[in-house]
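Chains as they are written, first to last, in the working numbering: chain A, 1 to 205; chain B, 1001 to 1240.
Below is one structure, written out as structure tokens; the observations come after it.
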Amino acid sequence: MRSDLANDIVRLTGEHLSLVGISVALAILMGVPLGILVARRPAAWRWLLGVSSVVQTIPSLALFGFLIPIPWIGGIGKRSVIVALVLYGLLPILRNTYVGILSVDPAVCDSAIAMGMTGGQLLRQVQLPLAARTIIAGIRVATVTTIGTATIAAAIGGGGLGVFIFRGVASVDTAQILAGAIPAAVIALVADGGLGWLERRISPA
Amino acid sequence: MPFVEFRHVFYEVAGQRILSEINFGVETGETLVLLGRSGSGKSTALKLTNGMLYPTAGEVLVEGRSTREWDPIRLKRRMGYVIQDVGLFPHFTVARNIGLVPRLEGWGEADVDRRVDQLLETVGMPAAEFRTRYPRQLSGGQRQRVGVARALAADPPVLLFDEPFGALDPVTRFELQQQFLDLQRDFKKTSIFVTHDVREALRLGSRIVLLVRGAIEIVATPDEFQHAPSGEARAFLACL
């Protein structure tokens, strides 16, 4: 009995980690390039900020619900969960990438251009390194919120630690709720600490 | 033939005229000073020289070719650029800052290192002590020296200075001006130097172009400038 619970915790923690890992990775892969792109086109920024802010305001359970009937990207299961988590994670990463790049001292960018750096060199050697701290701060926020939001995934059959929590709520079983909540909290704390350490380690500009 | 030449240059941005009918040439090896009040268009003229901006009308010739015909990257790498607040890369060490253009130009690491040490020596900063420092660990004057070393790094024929010593205390400014004169004596780079400090203009320039609201008031040698029949020139001389 005991070892069954232990096995479940390990299995669902693994599931939870993979949901979060995949979602955050996708959010980074989309958010950072989009942030770079809109940093060059302020008009696109307003539009994109608007859309992602609206997504952010949709209650997460509702968003999961909306995704169920949508073909290709939705349905019951992990796919919908990942889509929703990516949408939530996108905004902080996108915003921090944009803000990070725009807050690089214009004199530094000017002198980089004056020295004959190409657009790509300016981005890779100057703007991204100087924005890295801010970008990682965005990734940190996205990761921590995703770890929490992912517990709701169980509501649409996505698995993860939320399985314990929903089961515990349904059967008024505090131990079950804690079996889901404690590992989720630990993961969030570890992720927050680790990314915070990385953020501080990056040489301050 | 002048190394850099402005021909009937106009520059407008958002319908506002910044420069009008600018004509002057910069001879090889001379230091041409662009003097003027804030907003007189002198920094804009500098940016027109290395292709950071292009004229609305007229043309800027570098080595006889219009800046529009130059490859924009090549043109910029032919010119060292030193600006106020330096624009050193805060995340690069002194050595990496100075070696930037040679590295962009594909020099080997050993050549870059040798060049960096040599330049630090040239601007009076012992390489052993300063190579590995970051800009934030330097004084304002030291940062400016590194800025000059960086501009000289790939041995460009032209140097552009945009109020490089404006933010320094008077004593450091004087020392750096002296160093600039020493460097000019040794290397004879064709230089364009933007300033609003008339004393600096008289001290450093072989000729002075005085700009008033985007137009040329006079072009004069420092000696001629002292007796120029121009209200603006007298207003500047009154600051001495």
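Ideal Cβ positions, reconstructed from N, Cα and C, are used throughout, including at glycine.
This one's a predicted model, so the numbers in the text were calculated from it and none came from an experiment.
Starting from the C-beta of Q1084/B, find all residues in its chain whose C-beta is less than 7 Å away, skip the five residues before and the five after it, and write them out in chain order. Counting from one through the second sequence, the residue named residue 1084/B turns up at place 84. Taking Q1084/B as the centre and dropping the five residues before and after it, the same chain places the C-beta of D1162, E1163, P1164, G1166 and A1167 closer than 7 Å to its C-beta, in chain order.
Taking C-alpha atoms, which residue in F1236/B, S1191/B and C1239/B lies nearest to V1148/B? Walking along the second sequence from the start, residue 1148/B turns up at place 148. Cα-wise, what sits closest to V1148/B is S1191/B.
Just to confirm, are A137/A and V126/A a CB contact at a threshold of 7 Å? In the first sequence, residue 137/A corresponds to position 137, counting from 1. In the first sequence, residue 126/A corresponds to position 126, counting from 1. When the beta-carbon positions are compared, A137/A and V126/A stay at least 7 Å from each other.
Chain A contacts made by the segment 1077 to 1098 of chain B, where a contact means CB separation under 7 Å: Residues of the segment 1077 to 1098 of chain B whose Cβ lies closer than 7 Å to any Cβ of chain A, in chain order: R1077, Y1081, I1083, D1085, G1087, F1089, P1090 and H1091.
Q1084/B - DSSP class collapsed to helix/strand/coil: Residue numbering aside, residue 1084/B sits at position 84 when the second sequence is read from its first letter. In this structure, Q1084/B counts as coil in the three-state DSSP scheme.
Could you round the C-beta distance between A156/A and I76/A to whole angstroms and report it? I think they count as a contact, below 8 Å. Locating residue 156/A in the first sequence gives position 156, counting from the first residue. Locating residue 76/A in the first sequence gives position 76, counting from the first residue. Note that residue 156/A is Ile in the sequence shown, not Ala. With a Cβ gap of about 6 Å, I156/A and I76/A count as contacting.
Straight-line Cα distance separating I139/A from G1205/B: Along the second sequence, one-based indexing puts residue 1205/B at 205. Along the first sequence, one-based indexing puts residue 139/A at 139. C-alpha separation (whole angstroms): 52 Å.
Same chain, Cβ closer than 7 Å to K1076/B, five either side skipped, listed in chain order: The residue labelled residue 1076/B in the question sits at position 76 within the second sequence. Closer than 7 Å at Cβ, skipping near neighbours: N1050 and G1051.
Using DSSP bridges, identify the partner residues of S1066/B. Within the second sequence, residue 1066/B is the residue found at index 66, counting from 1. Answer by DSSP bridge pairing, in chain order: L1061/B.
Of the listed residues A184/A, L90/A, G194/A and V24/A, nearest to Q56/A (C-alpha basis): Within the first sequence, numbered from 1, the residue matching residue 56/A stands at position 56. Among A184/A, L90/A, G194/A and V24/A, the Cα nearest to that of Q56/A is on L90/A.
In chain order, which continuous runs of the alpha helix (DSSP H) of length 4 or greater are located wholly inside the segment 1032 to 1060 of chain B? Runs of alpha helix (DSSP H) with 4 or more residues, each lying fully within the segment 1032 to 1060 of chain B, are found at 1042 to 1049, listed in chain order.
List the residues that DSSP assigns as beta-bridge partners of G1025/B. Taking the second sequence and counting its residues from 1, one reaches residue 1025/B at position 25. DSSP, once it has assigned bridges, lists E1005/B as partnering G1025/B.
Cβ atoms of V1209/B and F1089/B: under 7 Å apart, would you say? Within the second sequence, residue 1089/B is the residue found at index 89, counting from 1. Within the second sequence, residue 1209/B is the residue found at index 209, counting from 1. One thing to note: F1089/B has its Cβ no nearer than 7 Å to the Cβ of V1209/B.
Tell me, please, which residues DSSP counts as bridged to R1017/B. For the purposes of this step, residue 1017/B is identified with residue 17 of the second sequence, where counting begins at 1. Paired residue(s): E1012/B.
Using three-state DSSP, classify D1113/B as helix, strand or coil. As a position in the second sequence, residue 1113/B is number 113, starting the count at 1. DSSP places D1113/B within a helical segment (H, G or I) once states are collapsed to three.
Please say whether Y98/A and A25/A have beta carbons closer to each other than 7 Å? Taking the first residue of the first sequence as 1, we reach residue 25/A at position 25. Taking the first residue of the first sequence as 1, we reach residue 98/A at position 98. The Cβ atoms of A25/A and Y98/A lie no closer than 7 Å to each other.
Select from R41/A, I9/A and D4/A the residue whose C-alpha is nearest the C-alpha of I177/A. To locate residue 177/A, count along the first sequence from 1; it is residue 177. Closest in alpha carbon position to I177/A, among R41/A, I9/A and D4/A, is I9/A.
Return helix, strand or coil for L1079/B, following the three-state DSSP convention. Translated into the one-based positions of the second sequence, residue 1079/B becomes position 79. In the sequence as displayed, the identity of residue 1079/B is Met instead of Leu. In this structure, M1079/B counts as strand in the three-state DSSP scheme.
For P92/A, count the other beta carbons within 10 Å of its own beta carbon; 16 or more makes it buried, fewer makes it exposed. Which is it? The residue labelled residue 92/A in the question sits at position 92 within the first sequence. Result: buried.
Below 8 Å on the Cβ atoms is my contact criterion, and I expect F1006/B with I1022/B to pass it. Report the Cβ-Cβ distance as a whole number of Å. On the second sequence, position 6 is the one that residue 1006/B refers to. On the second sequence, position 22 is the one that residue 1022/B refers to. With 8 Å as the limit, F1006/B and I1022/B qualify as a contact, their Cβ atoms being about 5 Å apart.
For N1097/B and V1009/B, the rounded distance between their alpha carbons: Translated into positions along the second sequence, residue 1009/B becomes position 9. Translated into positions along the second sequence, residue 1097/B becomes position 97. Here the alpha carbons of N1097/B and V1009/B stand approximately 33 Å from one another.
Chain B contact residues for L130/A, given Cβ-Cβ distances below 9 Å: Along the first sequence, one-based indexing puts residue 130/A at 130. Here the neighbours are F1089, P1090 and H1091.
Please classify V169/A: is it buried, with 16 or more other beta-carbons within 10 angstroms of its beta-carbon, or exposed? Numbered from its first residue, the first sequence carries residue 169/A at position 169. V169/A is exposed by the Cβ-count criterion.
Mind listing which residues of the segment 9 to 29 of chain A have their C-beta closer than 8 Å to chain B's C-betas, in chain order? Hits within the stretch: zero.
Under three-state DSSP, which class holds D1210/B? Against the second sequence, residue 1210/B aligns to sequence position 210. Checking the displayed sequence, the identity of residue 1210/B turns out to be Leu instead of Asp. L1210/B sits in a strand when the DSSP states are folded into three classes.
Considering only heavy atoms of the ligand ZN, does any lie closer than 6 Å to the CB of L48/A? The ligand ZN is absent from the structure shown, which contains no ligand whatsoever.
Is the beta carbon of L1100/B sitting closer than 7 Å to the one on Q1144/B? For the purposes of this step, residue 1100/B is identified with residue 100 of the second sequence, where counting begins at 1. For the purposes of this step, residue 1144/B is identified with residue 144 of the second sequence, where counting begins at 1. Contact: no.
In this structure, what does DSSP give as the bridge partners for D1162/B? For the purposes of this step, residue 1162/B is identified with residue 162 of the second sequence, where counting begins at 1. DSSP lists I1083/B and V1194/B as partners of D1162/B.
Exposure of Q1142/B, with buried meaning 16 or more beta-carbon neighbours within 10 Å: In the second sequence, residue 1142/B corresponds to position 142, counting from 1. Buried, because 16 or more other Cβ atoms sit within 10 Å of the Cβ of Q1142/B.
Is A132/A closer than 7 Å to I202/A when the C-beta atoms are compared? Numbered from 1 along the first sequence, position 202 holds the residue referred to as residue 202/A. Numbered from 1 along the first sequence, position 132 holds the residue referred to as residue 132/A. Cβ distance < 7 Å, so I202/A and A132/A count as in contact.
A175/A to T1093/B span [Cα, whole Å]: Numbered from its first residue, the first sequence carries residue 175/A at position 175. Numbered from its first residue, the second sequence carries residue 1093/B at position 93. So the two alpha carbons sit approximately 55 Å from each other.
I believe A1228/B touches I1218/B by the beta-carbon criterion, under 8 Å. Please report the beta-carbon distance rounded to the nearest angstrom. Residue mapping note: residue 1228/B aligns to position 228 of the second sequence, counting from 1. Residue mapping note: residue 1218/B aligns to position 218 of the second sequence, counting from 1. The beta-carbon separation of A1228/B and I1218/B, rounded to 5 Å, stays under the 8 Å limit for a contact.
Just to confirm, are A1127/B and D1117/B a CB contact at a threshold of 7 Å? Counting from one through the second sequence, the residue named residue 1127/B turns up at place 127. Counting from one through the second sequence, the residue named residue 1117/B turns up at place 117. In this structure, D1117/B lies closer than 7 Å to A1127/B by Cβ.
Should W47/A be labelled buried (16 or more other beta-carbon atoms within 10 Å of its own) or exposed? Walking along the first sequence from the start, residue 47/A turns up at place 47. Looking at its Cβ environment, which holds fewer than 16 other Cβ atoms inside 10 Å, W47/A is exposed.
Cα separation between G1058/B and K1047/B? Position 58 of the second sequence, counted from the start, is the residue given in the question as residue 1058/B. Position 47 of the second sequence, counted from the start, is the residue given in the question as residue 1047/B. Each residue's Cα considered, the two are about 15 Å apart.
Between S52/A and the rest of its own chain, which residues show a CB-CB distance below 7 Å, the 5 nearest in sequence each way excluded? Position 52 of the first sequence, counted from the first residue, corresponds to residue 52/A. If the five residues before and after S52/A are omitted, its C-beta is found closer than 7 Å to the C-beta atoms of L90, L91 and L94, all from its own chain and listed in chain order.
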